[in-house]
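A.B. asks: Heads up: the sequence shown begins at 11 in this note's numbering, then just goes up one per residue.
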Amino acid sequence: MIASCKNPTVRGAVAVTLVVAAGSVWSIYQTHGMLQMVHPETPLLFDHGLTSLNSQASPGWTNEQCGTCHQSEFQQWSHSKHAEAGSNSNFQAQFLEAVAGRAQWCLNCHAPFNHGALNHASMEPEDVDELFVSKPDWLVAGVDCLSCHVRDGQVLGTRVTDLGLAAHPMRRAPELGTPEFCGGCHQFAHKPRQFPDAFRGRLQQASLEELIAQNRVADEEMRCHDCHLAAGNHKMPGGYDRELVTDALSLSLNATWRSDLSAIQLVVSVSVHGVGHRVPGGEHFFRFLSVRTTLHDASGEIIIPANQDMPAGLETPITILVLEELPRVEEIRKRLGDFERGKEADAAPTPDTRLNPNETRTFEYLIPLRTIDRNKLLEAQTSLWYHVLDPEEAKGFRLPVEELSWELHRVSKEVAAGGAGSQSIDKER
Ligand code: HEC
Ligand code: HEC
Ligand code: HEC
Ligand code: HEC
Ligand code: HEC
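Here is the structure:
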């Protein structure tokens with residue numbers, strides 16, 4: 011049993027009393043040392059969910075208890091997506107729908123400290139949905155302190171100090187500080203229902219591979235930690251952190267008349283700043299960006315593009331898309347098709363349109379105008395959206411669609427009537 015400490019910070023004074031407790035902790039540690047011969051050791055690096063975690067934590071160790079001494083880490087973690095990885099409604103919906111013989115596998119990453127809860131290698135137990143009726147503590151804790159920090163009954167850290175050793179048995183684990191540690195859960199391929207465990211097809215999360223590629227290009231050694239665990243912040247912000255995503259992306263819009271006043275040309279650009287992998291990062295299956303562009307008149311009425319050939323003599327470069335209807339929506343995503351899932355080797359791979367680190371993606375449109383629209387004051391508008399789940403899929407699961415997509419940026423430009431003084435007004439929010 012480890013001691014508890016109500017002090018906001020871990021201080022030497024506390025540690026003195028802990029030395030007393032350390033004796034009994036040590037004997038528990040010894041016992042665990044013996045147990046280890048019976049139970050094989052679980053490595054610190056998660057192997058893509060294939061092995062259930064056996065941390066051999068002392069029976070009394072709970073996240074709350076870690077939190078009595080490590081208050082800031084506990085507070086931050088409590089508000090993290092890791093803390094709700096086993097209980098959030100998106101996970102629950104997908105888990106109950108799609109487990110198909112993979113329930114234990116899902117839990118090995120989403121709530122690893124589950125004491126082999128289901129532990130059926132090949133089949134779900136019948137009562138798998140009962141799990142969510144009155145959720146057990148381990149499911150509510152999701153990816154918790156014990157999952158990442160305890161093995162063989164010892165606390166693992168990248169730094170071992172006398173104070174630490176006095177508080178609990180511990181061991182230095184440099185692996186914790188590596189991107190590969192995160193990649194143990196954050197990079198894996200599609201796994202079909204058949205056991206024994208085998209992956210098929212392409213990666214459905216590839217954060218580690220993408221980071222390694224980017225480090226090579228930029229000649230850097232960035233780690234996931236530098237951005238997602240900066241200053242030890244255990245909230246580990248990601249896609250659900252609206253500020254992080256908003257700051258990582260920017261949007262611009264330019265609107266000009268064509269010289270013969272027959273059309274308006276729009277240039278929309280999306281840029282990425284300070285991301286170590288492709289964007290959106292994380293799960294290809296769920297996350298995507300969309301860019302919605304439109305042109306309307308002063309009353310807010312959306313313009314109907316003219317159905318006409320462009321006048322001769324003003325050839326349109328092929329990079330420019332002539333729009334036939336508005337609004338125009340671009341999706342920036344990697345879908346998973348039969349090829350990616352390893353179902354059909356001959357199927358065409360789905361295109362991967364996610365942004366590269368530091369990329370600026372530009373969309374150029376031409377909107378041919380009907381005569382009646384040519385003398386109006388027009389406003390072009392573009393907005394960039396982040397989606398954590400496809401709205402159609404969210405509807406199917408009866409999840410709150412509007413909470414799963416949000417606007418990151420919006421830019422508007424007024425285009426003066428008839429091309430007169432086409433200076434435009436920026437309305438970036
Ligand atoms: C998803 C894995 C993960 C979870 C969950 C997690 N940690 Fe950590 N923690 C880490 C990693 C990785 C580091 C090491 C960072 C480094 O040294 O580069 C770390 C570092 C620490 C440190 C060292 C000081 C610091 O903040 O860097 C403490 C203390 C700590 N964690 C306590 C906790 C507690 C308490 C919990 C539960 C409330 C917890 N951790 C949950 C991964 C995790
Ligand atoms: C009785 C208080 C106490 C409890 C309870 C406690 N710890 Fe600690 N922990 C400490 C002290 C003290 C240190 C050493 C801090 C230092 O040297 O700055 C430490 C060190 C650590 C470190 C390494 C910190 C570093 O700087 O790299 C980690 C990781 C850690 N604890 C995790 C945990 C986890 C996980 C739990 C729950 C299983 C836990 N601790 C429970 C007091 C406690
Ligand atoms: C035990 C498996 C596991 C490990 C190890 C792990 N994660 Fe996670 N992580 C998850 C799961 C599962 C989720 C999805 C939670 C959810 O349901 O939204 C997640 C979510 C995240 C998110 C998204 C948060 C958001 O706001 O959307 C980030 C960022 C993240 N993890 C970073 C890290 C980093 C950095 C590390 C390494 C220090 C790490 N994770 C280690 C399992 C893990
Ligand atoms: C240079 C900074 C940086 C590095 C390094 C980095 N990330 Fe990210 N990551 C971000 C930013 C910013 C976002 C938000 C934009 C986006 O979704 O891509 C993000 C998004 C994510 C997401 C999406 C969360 C969600 O809810 O879908 C995950 C998961 C993630 N990162 C994991 C990782 C892992 C794992 C590593 C290491 C292998 C890593 N990141 C390295 C900056 C970084
Ligand atoms: C190898 C580890 C691993 C396994 C196994 C795994 N996941 Fe995940 N899952 C993750 C990580 C890491 C994320 C976070 C990615 C991100 O934020 O983009 C995630 C994200 C999710 C999300 C999005 C959650 C949200 O908050 O929006 C759902 C839903 C999900 N997983 C369901 C499942 C289901 C169902 C299974 C089993 C069929 C499963 N996962 C198996 C690691 C895993």
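For every residue, glycine included, the Cβ atom is placed at its ideal position computed from N, Cα and C.
Remember, predicted model here, so these are calculated numbers, not experimental data.
Inspect the beta-carbon positions of Leu166 and Ala151 and report whether they are closer than 8 angstroms.
C.D. replies: The residue given as residue 166 occupies position 156 in the sequence shown. The residue given as residue 151 occupies position 141 in the sequence shown. The answer is no: Cβ separation not under 8 angstroms.
A.B. asks: Rounded to whole angstroms, what is the Cα-Cα separation between Ile313 and Glu417?
C.D. replies: Position 303 of the sequence shown, counting from 1, holds the residue named residue 313. Position 407 of the sequence shown, counting from 1, holds the residue named residue 417. Their backbone Cα atoms lie some 22 angstroms apart in a straight line.
A.B. asks: Please report how far the alpha carbon of His92 lies from the alpha carbon of Val153, in whole angstroms.
C.D. replies: By one-based count along the sequence shown, residue 92 stands at place 82. By one-based count along the sequence shown, residue 153 stands at place 143. The straight-line gap from Cα to Cα measures roughly 5 angstroms.
A.B. asks: Count the other CB atoms within 10 Å of the CB of Gly286; is the residue buried (16 or more) or exposed (fewer)?
C.D. replies: Translated into positions along the sequence shown, residue 286 becomes position 276. Buried: at least 16 other Cβ atoms inside 10 Å.
A.B. asks: Return the chain-ordered list of same chain residues with a C-beta closer than 6 angstroms to the C-beta of Phe105, the five sequence neighbours on each side being excluded.
C.D. replies: Within the sequence shown, the letter at position 95 stands for residue 105. Within the same chain, Phe105 has close Cβ partners Cys116.
A.B. asks: What is the residue span of the beta strand (DSSP E) that Leu213 lies within?
C.D. replies: Along the sequence shown, one-based indexing puts residue 213 at 203. From DSSP, the beta strand (DSSP E) with Leu213 extends over Arg210 to Ala216.
A.B. asks: Nearest-angstrom Cα distance between Glu341 and Arg161?
C.D. replies: Here residue 341 refers to the residue found at position 331 of the sequence shown. Here residue 161 refers to the residue found at position 151 of the sequence shown. The straight-line gap from Cα to Cα measures roughly 43 angstroms.
A.B. asks: Can you grab the Cα-Cα spacing for the pair Leu173 / Met180, in whole Å?
C.D. replies: Here residue 173 refers to the residue found at position 163 of the sequence shown. Here residue 180 refers to the residue found at position 170 of the sequence shown. Cα to Cα, Leu173 sits roughly 11 angstroms from Met180.
A.B. asks: Measuring alpha carbon to alpha carbon, tell me which of Arg380, Val280, Pro401 and Val255 ends up nearest Ser272.
C.D. replies: Within the sequence shown, residue 272 is the residue found at index 262, counting from 1. Considering only alpha carbons, the answer is Arg380.
A.B. asks: Would you check whether ligand 2 has a heavy atom nearer than 7 angstroms to the C-beta of Cys76?
C.D. replies: As a first step, residue 76 is located in the sequence shown; it is residue number 66 there, counting from the start. Yes; taking the cut-off as 7 angstroms, the Cβ of Cys76 has a heavy atom of ligand 2 nearer than that.
A.B. asks: Hey, how far is the Cα of Ser422 from the Cα of Gly163?
C.D. replies: For this step, residue 422 is matched to residue 412 along the sequence shown. For this step, residue 163 is matched to residue 153 along the sequence shown. So the alpha carbons of these two residues sit roughly 58 angstroms apart.
A.B. asks: Helix or strand or just coil, what does DSSP make of Ser37?
C.D. replies: Taking the sequence shown and counting its residues from 1, one reaches residue 37 at position 27. For Ser37, the predicted model reports a pLDDT of 35, less than 50, meaning its position is unreliable and no value from the coordinates is stated.
A.B. asks: At a cut-off of 7 angstroms, is Phe198 close to ligand 3 when judged by its beta-carbon and the heavy atoms of the ligand?
C.D. replies: As a first step, residue 198 is located in the sequence shown; it is residue number 188 there, counting from the start. No, since every heavy atom of ligand 3 falls outside the 7 angstroms radius drawn around the Cβ of Phe198.
A.B. asks: Could you pull out every residue in the same chain whose Cβ sits closer than 6 angstroms to the Cβ of Phe370, ignoring the five residues on either side in sequence?
C.D. replies: Numbered from its first residue, the sequence shown carries residue 370 at position 360. What sits at residue 370 in the sequence shown is Thr, not Phe. Once the five neighbours on either side are set aside, the close Cβ partners of Thr370 are Ser279 and Ser281.
A.B. asks: Under three-state DSSP, which class holds Pro378?
C.D. replies: As a first step, residue 378 is located in the sequence shown; it is residue number 368 there, counting from the start. Correct three-state label for Pro378: strand.
A.B. asks: Considering only the alpha carbon of each residue, which of Gly284, Asn264, Cys195 and Phe84 lies closest to Leu276?
C.D. replies: On the sequence shown, position 266 is the one that residue 276 refers to. Closest option to Leu276, Cα to Cα, is Asn264.
A.B. asks: Return the bridge partner residues of Phe298 from the DSSP annotation.
C.D. replies: If you number the sequence shown from 1, residue 298 lands on position 288. According to DSSP, Phe298 bridges with His397.
A.B. asks: Taking just the CA atoms, how far does Ala177 sit from Val411?
C.D. replies: Here residue 411 refers to the residue found at position 401 of the sequence shown. Here residue 177 refers to the residue found at position 167 of the sequence shown. Near 46 angstroms, if we compare the C-alpha coordinates of Ala177 and Val411.
A.B. asks: For Gly77, which residues of its own chain have a beta-carbon under 6 angstroms away from its beta-carbon, when the five flanking residues on both sides are left out?
C.D. replies: The count along the sequence shown starts at 1 and reaches residue 77 at position 67. The residues are Phe84.
A.B. asks: Go ahead and label Arg112 buried or exposed: buried means 16 or more other beta carbons lie within 10 angstroms of its beta carbon, across all protein chains shown.
C.D. replies: Residue mapping note: residue 112 aligns to position 102 of the sequence shown, counting from 1. Buried, by the Cβ-count rule.
A.B. asks: Specify the secondary structure class of Trp148 as computed by DSSP and reduced to three states.
C.D. replies: The sequence position of residue 148 within the sequence shown is 138, counting from 1. Trp148: helix per DSSP, three-state reduction.
A.B. asks: Are Phe349 and Pro361 closer than 8 angstroms when you measure CB to CB?
C.D. replies: As a working mapping, residue 349 is identified with position 339 in the sequence shown. As a working mapping, residue 361 is identified with position 351 in the sequence shown. Against a cut-off of 8 angstroms, the Cβ pair of Pro361 and Phe349 comes out as no contact.
A.B. asks: Quick check on DSSP: helix, strand or coil for Ala390?
C.D. replies: Numbered from 1 along the sequence shown, position 380 holds the residue referred to as residue 390. It is a strand residue.
A.B. asks: Pairs of beta-carbons, one from the stretch 191 to 201 and one from the stretch 211 to 218, closer than 8 angstroms: are there three or more?
C.D. replies: Enough Cβ pairs lie closer than 8 angstroms, so yes.
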